[in-house]
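Asker: Submitted below is the structure of interest, expressed as structure tokens.
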Amino acid sequence: MQIESLQNPKIKNLLKLQEKSRERKNQGLFIVEGTQENELAIKGGYEAVEIYICEDIYDSSIKFGNPRRFEITRAIFEKLAYRKSTGGIIGVYKTKASKLEDLNLPENPLVVVLEAVEKPGNLGAVLRTGDGAKVDAVIVCDETVDFFNPNVIRSSVGTLFTNQIASASKEEVLAYLEERNIQVVSTFLRDETISLYEADFTSGSAIILGTEATGLSDFWADNSDALIKIPMLGFVDSLNVSNAAAICVYEAVRQRSK
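When we follow my numbering, the leftmost residue of the sequence shown carries the number 124, and every step to the right adds one.
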């Protein structure tokens, strides 16, 4: 079936799913733009329910299973697509629950915990780091951003689907970590804070990072096994949360690779 009008109810619904978290939650659906991102969604076990293809652009052969397939004009694709060079494909998928109890952690895991991350681009960048460093899970506590926000998927270049993810309250996350003897290492400035490079990440570890605006809450500082800081040698005293996550995670990876 070919869709040629922006007024088509299907296209109007795609725009709703793009723009409104409430619609994604109510419908249990989200959209994925781009060839690589759709491939990773399928490999990650997400179920495609609809596929929209612009035949003028699409030249891949992704095996989606049996979703409903629609052809759309270039004009419609360009209206829907944030980037015009992502392969001429947009998929609609069922969301998945992101619960702590569904995580499958190995012995001696490395986990990243983000408290109340506010910006989808930062969450996406942390997920990209999580994939690159092969962390065992990325957990968001007291979330203020939707995992299935198109900006998260876009900025993660599809690695939302390659990471184990979960969301819960900070109290639930702390209990989960303590039950599994995973040390809590928080980025927080106090008298007892040590340099990142003095911390020991060779045992099971959760690296806790805070919001872009205010950093971590006292809750994590009061319940941590270690408090760390990244040495700042210039004129500013903090880094973007996604940059801080990458530096901390790769220091942990370096220690574990010895």
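Ideal Cβ placement from N, Cα and C applies to all residues, glycine included.
Between proline 243 and asparagine 286, is the Cβ-Cβ spacing less than 8 Å?
Answerer: As a first step, residue 243 is located in the sequence shown; it is residue number 120 there, counting from the start. As a first step, residue 286 is located in the sequence shown; it is residue number 163 there, counting from the start. Against a cut-off of 8 Å, the Cβ pair of asparagine 286 and proline 243 comes out as no contact.
Asker: Is lysine 166 closer than 8 Å to phenylalanine 270 when the C-beta atoms are compared?
Answerer: Here residue 270 refers to the residue found at position 147 when the sequence shown is read from its first residue. Here residue 166 refers to the residue found at position 43 when the sequence shown is read from its first residue. No, the pair does not count as a contact, with Cβ atoms beyond the cut-off.
Asker: Please classify serine 253 as buried or exposed, where buried requires at least 16 other C-beta atoms within 10 Å of its C-beta.
Answerer: Here residue 253 is taken as the residue at index 130 of the sequence shown, counted from 1. This sequence places glycine at residue 253; serine is not what is there. With 16 or more Cβ atoms within 10 Å of its Cβ, glycine 253 is classed as buried.
Asker: Taking the alpha-carbon positions, what's the alanine 369 to valine 249 distance?
Answerer: Sequence index remark: in the sequence shown, residue 369 carries index 246 (1-based). Sequence index remark: in the sequence shown, residue 249 carries index 126 (1-based). If you take the alpha carbons of alanine 369 and valine 249, they lie about 7 Å apart.
Asker: Quick one: complete alpha helix (DSSP H) runs, 4+ long, within the region 183 to 231?
Answerer: Listed in chain order, they are 197 to 203.
Asker: With respect to the alpha helix (DSSP H) encompassing serine 278, which residues constitute its N-terminal and C-terminal limits?
Answerer: Position 155 of the sequence shown, counted from the start, is the residue given in the question as residue 278. That run of the alpha helix (DSSP H) goes 273 to 278.
Asker: So the candidates are Ala171, Asn346 and Glu194; which of them puts its Cα closest to the Cα of serine 128?
Answerer: For this step, residue 128 is matched to residue 5 along the sequence shown. Out of Ala171, Asn346 and Glu194, Glu194 has the C-alpha closest to the C-alpha of serine 128.
Asker: Answer yes if the region 220 to 229 comes into contact with the region 332 to 345, meaning at least three C-beta pairs across the two stretches below 8 Å, and no otherwise.
Answerer: Flag = no, the region 332 to 345 and the region 220 to 229 do not touch.
Asker: Kindly indicate which residue of Ala239, Glu294, Val215 and Ser279 has the alpha-carbon position closest to the one of valine 268.
Answerer: Here residue 268 is taken as the residue at index 145 of the sequence shown, counted from 1. The shortest C-alpha separation from valine 268 is found at Ala239.
Asker: Express the C-alpha separation of glutamine 125 and asparagine 363 in angstroms, rounding to a whole number.
Answerer: By one-based count along the sequence shown, residue 363 stands at place 240. By one-based count along the sequence shown, residue 125 stands at place 2. Cα to Cα, the separation comes out at about 44 Å.
Asker: Thinking C-beta only, is arginine 251 closer than 8 Å to valine 296?
Answerer: Start at 1 with the first residue of the sequence shown, and residue 296 comes out as number 173. Start at 1 with the first residue of the sequence shown, and residue 251 comes out as number 128. Contact flag unset, no.
Asker: Distance, Cα to Cα, valine 308 vs glycine 211?
Answerer: Within the sequence shown, residue 308 is the residue found at index 185, counting from 1. Within the sequence shown, residue 211 is the residue found at index 88, counting from 1. Each residue's alpha carbon lies about 43 Å from the other.
Asker: Could you work out which residue in Ser365, Glu142, Lys135 and Lys148 is closest to serine 278 when comparing CA atoms only?
Answerer: By 1-based counting over the sequence shown, the position of residue 278 is 155. Comparing Cα-Cα distances from serine 278 to each of Ser365, Glu142, Lys135 and Lys148, the minimum goes to Ser365.
Asker: Excluding sequence positions up to five away, which residues of its chain have a Cβ less than 7 Å from the Cβ of proline 190?
Answerer: Locating residue 190 in the sequence shown gives position 67, counting from the first residue. Hits under 7 Å: Ala171, Val172, Glu173 and Ile174.
Asker: Checking the sheet assignment: what are the DSSP bridge partners for glutamate 156?
Answerer: Within the sequence shown, the letter at position 33 stands for residue 156. In the DSSP output, where bridge partners are listed per residue, glutamate 156 has Ile213.
Asker: Between Arg377, Pro354, Gln378 and Phe358, which has its C-alpha nearest alanine 367's C-alpha?
Answerer: Locating residue 367 in the sequence shown gives position 244, counting from the first residue. Out of Arg377, Pro354, Gln378 and Phe358, Pro354 has the C-alpha closest to the C-alpha of alanine 367.
Asker: State the beta-bridge partners of glycine 338 as determined by DSSP.
Answerer: Counting from one through the sequence shown, the residue named residue 338 turns up at place 215. The partner list for glycine 338 (beta bridge, DSSP) reads Thr334.
Asker: Let me know the secondary structure DSSP gives threonine 310 once reduced to three states.
Answerer: As a position in the sequence shown, residue 310 is number 187, starting the count at 1. Strand at threonine 310.
Asker: Would tyrosine 205 and tyrosine 169 be called neighbours here (beta carbons separated by less than 8 Å)?
Answerer: For the purposes of this step, residue 205 is taken as residue 82 along the sequence shown, with counting starting at 1. For the purposes of this step, residue 169 is taken as residue 46 along the sequence shown, with counting starting at 1. No; because the gap between Cβ atoms is not below 8 Å, this pair is not in contact.
Asker: Helix, strand or coil, according to DSSP, for tyrosine 299 in the structure here?
Answerer: Locating residue 299 in the sequence shown gives position 176, where the first residue counts as 1. Of the three classes helix, strand and coil, the one that applies to tyrosine 299 here is helix, per DSSP.
Asker: DSSP three-state call for glutamate 170: helix, strand or coil?
Answerer: Translated into positions along the sequence shown, residue 170 becomes position 47. Looking at glutamate 170 - three-state DSSP - the assignment turns out to be coil, as it is neither helix nor strand.
Asker: Tell whether a beta-carbon distance below 8 Å holds between arginine 147 and leucine 138.
Answerer: As a first step, residue 147 must be located in the sequence shown, where it is residue number 24. As a first step, residue 138 must be located in the sequence shown, where it is residue number 15. Not a contact, by the Cβ cut-off of 8 Å.
Asker: Would alanine 289 and phenylalanine 324 be called neighbours here (beta carbons separated by less than 8 Å)?
Answerer: Residue mapping note: residue 289 aligns to position 166 of the sequence shown, counting from 1. Residue mapping note: residue 324 aligns to position 201 of the sequence shown, counting from 1. No; because the gap between Cβ atoms is not below 8 Å, this pair is not in contact.
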